[in-house]
Structure formats: structure tokens, C-alpha cells
Amino acid sequence: MLAYSLRRLLAAIPTILLLIIACFFLMHFAPGGPFTSERPLPPQVLANIEARYGLDQPLWKQLWDYLYNIVVHFDFGPSFKFKDRDVNDIIAQGFPISLTYGSLSFLFATAVGVSLGIAAAIRHNTWIDYFAVGLGIAAQALPNFIMGPILILTFTLWLGWLPGGGWNGGQWQYLVMPVIALATSYMGSIARITRSSMLEVLNSNFIRTARAKGLPTRTVIWRHALKPTLLPVVSYLGPVFVYVLTGSVFVDIYFSTGGLGQAYVGSALSRDYAVLLGVTILYGVLTVLVNLLTDLAYAWFDPKIRY
Amino acid sequence: MNTYIRYTLAGLLSSTIITGAAFAAGTHPETGEALADDQTFTYRILDEHSSVDPQVVEDVSGAEIVRDLFEGLMNQDEDGNLVPGVATGYTTNDAKNVYTFTLRDDAKWSNGDPVTAGDFVFAWKRAVDPELSSPYAWFMELMSIENAAEIIAGNASVDDLGVKAIDDKTLEVTLSAPLPYFPQMTTHSTTFPAPQKVIEEFGDAWTKPENIVSNGAYVLTEHLPQERSVRERNEMYWDNESTIIDKVVALVINDENVALTRYLAGELDRTEVPAGQYPRLKEEHPDEAISFPRLCNYYYTFNLSDGGPEAFKDPNVRQALSLAVDRAIITEKVMAGGQPEAYTFAPEATAGFTVPDVEMASMSQAERDELAKELLAEAGFGPDNPLSFEMVYNTSENHKKVAVALSQMWKQKLGVQAELANMEWKVFLEERGNQNFDLARGAWCGDYNEASTFLDLLQSDSGYNDGKFANPRVDELLAEAKTSDDPAPLYTEVERIIAQETPVIPIYHYAGVYMMDSDVGNWPVNNVEQNWYSKNLYKLAE
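One line per chain: the protein sequences are A and B, in this order. Counting in my numbering, the first sequence runs from 10 upward without gaps. Counting in my numbering, the second sequence runs from 13 upward without gaps.
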């Protein structure tokens, strides 16, 4: 398994490299640059600024310098928009925030989603099932950009229980709404996947055998049915984990959390090349790592899988 | 003969009357109103500010913070008039090309060091230094400071800049051309002093809360990028005794509707009103919804360059399109925030600017429409040969609404086919700057309160003249206005020519449309540039 992991990590290097190159060129081909502004800078001032950031160099040279600084100094360069901060600063400040409420959303969505799904499957065709399915579909139909306004109107404006946004060091009051807004639709999907997977497993031969030898239902479910049920769920959870970290853009903007999503969108709009590329690389590396972890988790859930 | 101007009135007078610094839970020293215990002012900003370095900052919300943290030679009062800042006053020679500022003795940095003329010399040299490559270097060029242009271009050393410290308290500035409104320009953040020692010690990181040293009424105490920026009372500020607000919090909230909800939930003291919502809010919260004129215009510009549409080369066509725009519908139904209708390029609110009698303004809309039809027919366009073109705007709900309204007016009244196209901001700027458009949206906010900040856009060689309008008489008048003691008639004539030639279609002039908590005192609604200083505000007891 160690050899397999190493192989996968090595194979990730060209993937990330390709990502950087593609992103780098796409970014530079987009019309406008970091210093395009409504008050066009006099040519001489523009030339001075471009020289300062090395934008006067040919593109291949810029790319080379960029990669060189990352590999040798682990330096992702200065922000073109925020003069007093570099990309490392921006990521160091925003990523922990995104990671905190992203992970909480992930845990929330998984715990509630899986429980709902299992309950629905075990009590198939009862009111519990209908309730869970209904809730799952409703949750799935509520993307975070709908949940955000609903939550803020309810809990901030009408009830006055929770602050409408901000971070404040990650105090729980500030976490509740972003976490729920982000988790809801994933929770719905997880519940539905778990339910159908559990139903399928409960109808399989080995479960019939287990029941036939007189095992109590509890043991059948927890010892024998749960692991195979979770296999398709796990393959869905891998991408979800990346989504809750990267897909938090809207939540960041809506709840002003100061997370990385805001910096990401902002950098694309302001053509802050270095920040855009830095965050893209971070998300790329994260995706590769999480995919690897998901694959390794399979082996634990399904003894038939070996690396 | 030297004209000596000394500002010793209101500002200084009030500070001598006041004794004791503790206003909290007290009454306002001038108005006698009861003050709130908690003197914290919290407001929304749209986006993370670019910087709090005075020579680097380039956006409005950044400049607002910088104005609190640093103090320049002169300040503005509630009406936008010049009042003393670090300088107590200035003298100028007859030719108006040498200005000498006298600095106050008690001005201090937040670390206790005195503010000297050398701090201004350092800052101004820094602003033009190609090594810093300030995005606002052009402002020093605009101020006509001797050799600024040459230094920016790399053809002279920064030490050649026409600014020197005669002694610690006397600053002398030499201009390359006489500029009557030079002192007004010293209220701009690019001209604020900078602490040399601190900048040399920390480099680019000098503006972080743990490093920064500033000379304004506030110091930066907290900054969580994309979330909040907090500034608190600077005990070292020379006029700290008169400062009432203790703490100012700027919250970054990208979405204006979320900001409004949070305002209504009591989390903010001030936020912008989204377009179209002002009438409803005014009805529900009459004391809190406010609207006042601002120094910005909103217009559409024709592409008059060689590559532009042939039809637009005919002034009759341009005028017909302008005439057919029912501005009242745009201002009352679409924006609905108390914006003034625009028939001139410079807003009426501009200081010293007399709005000329533009014919169009005095006509009724029916008369305008009639004339528009005639003009367009004269130009050879009609039902058989409809005029068609593309109009571009940058992606935004509000701009879309205005564009749709305009195209419908033209279609219904004149049978004109205007196709709408929106572009993301930077793409839009690039395309408009390269004259890849027929008709494009434009807007401009004045950099200083003088008509030239708008009219210069229509000078033939201006870098901002995206429509490439060229009129020798306009160029001549604008050049003359630069050095004239009374430029108002010249500006009026420029506007007359613009009204005739119609290189642009002015739509409306901006209004500041805010929800402002009624316990915020002294918001400068009459300052059309909206240069506000937290030190002049206060919070009333509820």
C-alpha cells in the first residue's frame, strides 16, 4: 500500500504541473491585466509597475521564474492587488477559515446524511422513510445561494439570534449559518445515496444468510450491512470534501467569512495572477490528496480491493 | 504681492473651547446633544481595500481608511471647503507656481515623533519614485509638481522633485505651471506624509497593524483581510481632544442586499441602498434613508474614432439618440434613488461650475422626441433604413436595467435597433480602451472638486477619452482653464459645445444613497466628493 501511495503521489506531479501551465496561459490570455483600470495608467507608470512584477518578461520566462520560486523557495509570489501581502500570506490567512467551516460542514453533512439514509432504508416504506426521502430531496434542491438568504433573513433579521456574517475568530455563533448553508445540499445527496445503497445491500445473499442463522437485526445492520453500504457513499464523499473547501466561494462572499473563496473569485476578477494561480495549485493538490485518501479508504471498506 | 491665507477660524476655535477628552456619556461640546456611551462607528465596504499605504492606495474604500489614519497638509470640512490639516496655512507667490506651507508645531506621529516637512518630502518623492511604481504617481503629475513627469518617466532623479523642506516646519513646493487649485489637491491621500523610519525598517509590511505608525486621528489596530479593518483613536493626534468617535470598524460585505439585511438587523451604522429600493426604504425608515448629490456622472460614449460606425460621425444622429432618452424614467423608475437627471457632462454639484443653458434641458420630453425624429430622418434613417448598432456595458444588474430602458426608448420612439452586450469589467475596459465598440457605458467620479476633472476626459489627447472625441476649440478652452483665475465661463462654453456635438449622452449624475443610522451625527452630506473624516462624526445617545 505504501508503494501504491508513493506511485500515486509521483504521478500527481505531472498532473499539477499541467494544471499550473494551463492555468497560467489561460489567465494571461484573458483580456485585461492586473493593472487595467478605469483610470488607465500613463504608459511610463504602467511600465514601471510591470517591471516591478516581472510582467515585462516573455511569458515562458515568467512561468519558469514562477515555478523556480515555488520549488526552491516555496514562494508563490506577491499579490498584484494587495501590495502589503503576498500569496503565502493570503493563503495562510484564508485557508484555515475555509478549512474550519468546510470540515464542519463535511462532518455535519456526512453524519446527518448517513443517519437519515440508514433510518430510511431500515424502515423502508414507513413514514420515517417518506420523511427522510422528502427531507433529502428538499435539502438537495436548496443550493447554498438559496439557503444563505433564507438563513440570514430568519436568524438575523427576524429572530435576531445570530450575527449575519463575519468571522470573529471562528466563534460558534458565526459558524452556524455558513456551515448549514454549505452542508444542506450535500447532506441531501448523501442521505439518498446511503438509502439506496443500504436497500440494495439488505436484499443481498449474505444478509439473507446472516438473518437465516438468526442474528439479531442490530448485528446484521452494524456488523454486516454497514461497511458495504458505505462504499458508494465514500466514493461520493471524496469529491464532496474538495467541494466544501473549494465550493465555499458563495458562502464566503455571502457571509463575509474572510475565507479563501473570496480571495479566489476576487483574484480572477482583478486578474491578480499570482493569487489566482496560488489558490488553484492549492485546490489542485488538495484534490489529488483527497482522491488518494478515498482510494485507500476503499480497501478498508471492501476487503476484495487490494493495492 | 503675496496672498497670505491662514485658516485659523472654525477648526482651531472649536479645539480651544473644548477641554477634557472624555466625551463618552457626555454631551457634544458644540451642539449640546447627548452622546452615546459606545462611540463606535461600523460601516460596510464593498470590497477589500487595496492598501492603507497613502502613496499606494488606489480605491475609494482604501482612501477613506487612509484619511482617518493619516493627515495631509489640508483637510476638507463638512461642505468640502479647505481647512487646515498638518499645515496651518500656506502662502503663494504672484505667479502661483511656488507654494509654501507652514506646519503646526504639535503634529505628531502615533509613536510620538514630530511630523516634519521632511516627512512630506519623503512621501512625495516616494509617490513619483519608479521603484515604488505607485498606481497614483500620475496624481503628482496632475499636481504639476516640478519634474514629476520626468521622474516617473525615469528621465530624472527623485531628488529633482520640486519639493523641499526649508526647515522642519516649512514646506516649499515648486510647480512646473501655475495651478490655482493646487491646495485643494493636498487633501488627496497620495499627498499624505509617510514615516520614513518605519517604512525602511519593515518594507512592504509596514502597513500591518503591528508595524504601522500614522499621524491621523486614528491608528490601525486590526485587519482581517476580506473581513474587517478596525481603527482606534490615536492618543498622539494633535487634535485628539476634539475627536469623539473612539473606534471605527469597516466590514467587507460584497453583496449589497446582505449588507442591507445586516444593517436592518442593527449590525451596521451605514450601508448603500441597492438600486430601486430607496422609495420603499424611505417610506419605512424616513430618518435613515438619505440621498444627496455626488461628484460622479453616468453616460454613454459614442465611438468617434476612424474605426467607429459611420452613422455616429453625423452629429444629428448622436443628438437624436441623446434627445430620445427620457432621463426622468431612468432616475425615477430605474435608479429611484434621488439621482439628478444629466444634460451636461460635469455634475451641477461641482464647485464653481455654472450649468449652462443647454437647450435640451428646457424642452419637454415630447418636444425632444419630436426633434429627435426630425434629426434622425434628416440623417437618412427611418423605418426603411433603421439605424442599428451595438451598445456595451460592464456586467451588473443596474447597468443592464439602464441599458434595457435606453434601447427600448430608442426602439419605440425612433425605430432604432440597439443590440445589448455585456462584458466582465476588465474585458470591458480593454475593449472600450481599444475602441472596439459602437456605443459604450461610461462613468466618472471626480478626483478633485473642479469641473476639469470631468471635462478633461473629452480633451482630444486624454488617455481617458475612449470615444476619441476631438474638438480643437474644446482643447483650447481646457488648456486656458488650467491657468485661469476664473475658469467657470470657459467650462460653460465647453459644455455648450458638448451639448451641440454630443460626443457623449449624459444620463444621470450620481447620488449617495445610504441607509444611515439616525444616531450618527454630522455625516457630511454636503461634501460632494464624500471625503469624510471619522474624527468629525459622533454617535448620539438613543
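Glycine residues also receive a C-beta, built at the ideal position from the N, C-alpha and C atoms. In this text, all values refer to a predicted model and were calculated from it rather than measured experimentally.
Using the beta-carbon of each residue, which ones in chain B are nearer than 8 Å to K90 of chain A?
Sequence index remark: in the first sequence, residue 90 of chain A carries index 81 (1-based). S62, listed in chain order.
Given 7 Å as the limit, tell me if K412 of chain B has its C-beta closer than that to any heavy atom belonging to the ligand NAD.
What this structure holds is no ligand at all, so the ligand NAD is not there to describe.
Y148 of chain B and T202 of chain B look like a contact to me (Cβ under 8 Å); what is the Cβ gap, rounded to whole Å?
As a first step, residue 148 of chain B must be located in the second sequence, where it is residue number 136. As a first step, residue 202 of chain B must be located in the second sequence, where it is residue number 190. The Cβ separation is near 4 Å, so the contact holds.
Between the region 444 to 452 of chain B and the region 312 to 323 of chain B, can you find at least three pairs of beta-carbon atoms closer than 8 Å?
yes
For a cutoff of 8 Å on Cβ pairs, would you count A234 of chain A as touching chain B?
Looking up residue 234 of chain A in the first sequence gives position 225. Output row for A234 of chain A: interface = no.
Partners in chain B for Y263 of chain A, counting only beta-carbon separations shorter than 7 Å
Residue numbering aside, residue 263 of chain A sits at position 254 when the first sequence is read from its first letter. Here the neighbours are D267 and V270.
Assign M248 of chain B to one of three DSSP states: helix, strand, or coil.
Translated into the one-based positions of the second sequence, residue 248 of chain B becomes position 236. Reduced to three states, the DSSP call for M248 of chain B is coil.
If you follow the beta strand (DSSP E) that D179 of chain B is part of, which residue opens it and which one closes it?
For the purposes of this step, residue 179 of chain B is identified with residue 167 of the second sequence, where counting begins at 1. Taken as a continuous stretch (DSSP letters only), the beta strand (DSSP E) holding D179 of chain B covers V175 to D179.
Inter-residue Cα distance where the pair is S474 of chain B and F44 of chain A
Here residue 474 of chain B is taken as the residue at index 462 of the second sequence, counted from 1. Here residue 44 of chain A is taken as the residue at index 35 of the first sequence, counted from 1. Taking the straight line joining both Cα atoms gives about 18 Å.
What did DSSP end up calling V210 of chain A once you bin it into helix, strand or coil?
Numbered from its first residue, the first sequence carries residue 210 of chain A at position 201. Three-state DSSP puts V210 of chain A in a helix.
Other residues of its chain near F164 of chain A: CB distance less than 7 Å, five sequence neighbours each side excluded
To locate residue 164 of chain A, count along the first sequence from 1; it is residue 155. Within the same chain, F164 of chain A has close Cβ partners W170, L171 and M186.
Suppose contacts are defined by Cβ-Cβ distances below 8 Å. Is D529 of chain B in contact with E296 of chain B by that definition?
As a first step, residue 529 of chain B is located in the second sequence; it is residue number 517 there, counting from the start. As a first step, residue 296 of chain B is located in the second sequence; it is residue number 284 there, counting from the start. Cβ distance not < 8 Å, so D529 of chain B and E296 of chain B don't count as in contact.
Output needed for A34 of chain B: all residues of its chain with C-beta closer than 6 Å, excluding positions within five of it in sequence on either side, in chain order.
For the purposes of this step, residue 34 of chain B is taken as residue 22 along the second sequence, with counting starting at 1. Since pLDDT at A34 of chain B reaches only 45, below the 50 mark, its modelled position is unreliable, and the value read off the structure follows with that caveat. Around A34 of chain B: no qualifying Cβ.
Would you please state the rounded distance, in angstroms, between the beta carbons of V127 of chain B and P305 of chain B? I believe it to be under 8 Å.
Residue mapping note: residue 127 of chain B aligns to position 115 of the second sequence, counting from 1. Residue mapping note: residue 305 of chain B aligns to position 293 of the second sequence, counting from 1. In fact, because the Cβ distance is near 34 Å, the residues do not count as touching under 8 Å.
Bridge partners of D95 of chain A, per DSSP?
Translated into positions along the first sequence, residue 95 of chain A becomes position 86. Answer is A:P87, bridged to D95 of chain A.
Of the residues A:A306, A:S279 and A:D311, the one placed nearest E47 of chain A, counting alpha carbons only
Here the question's residue 47 of chain A lines up with position 38 in the first sequence. Looking at the Cα atoms, A:S279 is the closest of the given residues.
If contact means a Cβ-Cβ distance below 7 Å, which residues of the region 63 to 93 of chain A contact chain B?
K90, F91, K92 and D93
Judging by CA-CA distance, which residue of B:Y476, B:D106 and B:A119 is the nearest neighbour of F82 of chain B?
Locating residue 82 of chain B in the second sequence gives position 70, counting from the first residue. It is B:A119 whose Cα lies nearest to the Cα of F82 of chain B.
In the DSSP assignment, what are the bridge partners of K120 of chain B?
Taking the second sequence and counting its residues from 1, the one referred to as residue 120 of chain B is at position 108. B:P126, per the DSSP bridge assignment.
Going straight from the alpha carbon of A217 of chain B to that of V210 of chain B, what length do you get?
Here residue 217 of chain B corresponds to residue number 205 of the second sequence, with the count starting at 1. Here residue 210 of chain B corresponds to residue number 198 of the second sequence, with the count starting at 1. Cα to Cα, the separation comes out at about 10 Å.
Taking the alpha carbon of V346 of chain B as the reference point, which residue from B:D381, B:E244, B:P286 and B:W121 has its own alpha carbon closest?
Position 334 of the second sequence, counted from the first residue, corresponds to residue 346 of chain B. Selected option, being the one with the closest Cα: B:P286.
Take A391 of chain B and list the residues in its own chain whose beta-carbon comes closer than 6 Å to its own, dropping the five residues that flank it on each side.
The count along the second sequence starts at 1 and reaches residue 391 of chain B at position 379. Here the set comprises D326, N328 and V329.
For the pair the region 270 to 290 of chain B and the region 42 to 56 of chain B, tell me if three or more CB-CB distances fall below 8 Å.
yes
Are the C-beta of N57 of chain A and some C-beta of chain B separated by less than 8 Å?
For the purposes of this step, residue 57 of chain A is identified with residue 48 of the first sequence, where counting begins at 1. Taking Cβ atoms only, chain B reaches closer than 8 Å to N57 of chain A, which makes this a yes.
Using only the alpha-carbon positions, how far apart do Y77 of chain A and Y273 of chain A sit?
As a position in the first sequence, residue 77 of chain A is number 68, starting the count at 1. As a position in the first sequence, residue 273 of chain A is number 264, starting the count at 1. Approximately 23 Å, taken between the alpha carbons.
Using a C-beta cutoff of 8 Å, does Q238 of chain B count as contacting chain A?
For the purposes of this step, residue 238 of chain B is taken as residue 226 along the second sequence, with counting starting at 1. By this cut-off, Q238 of chain B is an interface position.
List the residues that DSSP assigns as beta-bridge partners of Y550 of chain B.
Taking the first residue of the second sequence as 1, we reach residue 550 of chain B at position 538. Paired residues: B:G533.
Below 8 Å between beta carbons: does that hold for V242 of chain A and L295 of chain A?
As a working mapping, residue 242 of chain A is identified with position 233 in the first sequence. As a working mapping, residue 295 of chain A is identified with position 286 in the first sequence. No, the pair does not count as a contact, with Cβ atoms beyond the cut-off.
Can you tell which of A:V253, A:C32 and A:M207 has the C-alpha that lies nearest to the C-alpha of S237 of chain A?
In the first sequence, the residue the question calls residue 237 of chain A occupies position 228. Note on residue identity: the sequence assigns Pro, not Ser, to residue 237 of chain A. Nearest C-alpha to P237 of chain A: A:M207.
Put A99 of chain B into one of helix, strand or coil per three-state DSSP.
If you number the second sequence from 1, residue 99 of chain B lands on position 87. A99 of chain B falls in the strand class under three-state DSSP.
Does any CB atom of chain B fall closer than 8 Å to the CB of A101 of chain A?
Locating residue 101 of chain A in the first sequence gives position 92, where the first residue counts as 1. So no, A101 of chain A is outside the interface.
Proximal residues of chain A, C-beta to C-beta of P147 of chain B below 8 Å
Your numbering for residue 147 of chain B matches position 135 in the second sequence. Within chain A, the residues near P147 of chain B are F44, S46, L50, V54 and I58.
Give a yes or no on whether 8 Å exceeds the smallest Cβ distance from L291 of chain A to chain B.
Counted from its first residue, the first sequence places residue 291 of chain A at position 282. So no, L291 of chain A is outside the interface.
For D555 of chain B, does the count of other Cβ atoms within 10 angstroms reach 16, so buried, or fall short, so exposed?
Absent from the model: residue 555 of chain B. The displayed extent of chain B is 13 to 554, so no value can be given.
Short CB-CB distance (under 8 Å) between G121 of chain B and chain A
Residue mapping note: residue 121 of chain B aligns to position 109 of the second sequence, counting from 1. The sequence shown places Trp at residue 121 of chain B, not Gly. It does not; no Cβ of chain A falls within 8 Å.
Does DSSP put F44 of chain A in a helix, a strand or coil?
The count along the first sequence starts at 1 and reaches residue 44 of chain A at position 35. In the structure shown, F44 of chain A sits in coil (DSSP, three-state: anything other than H, G, I, E or B).
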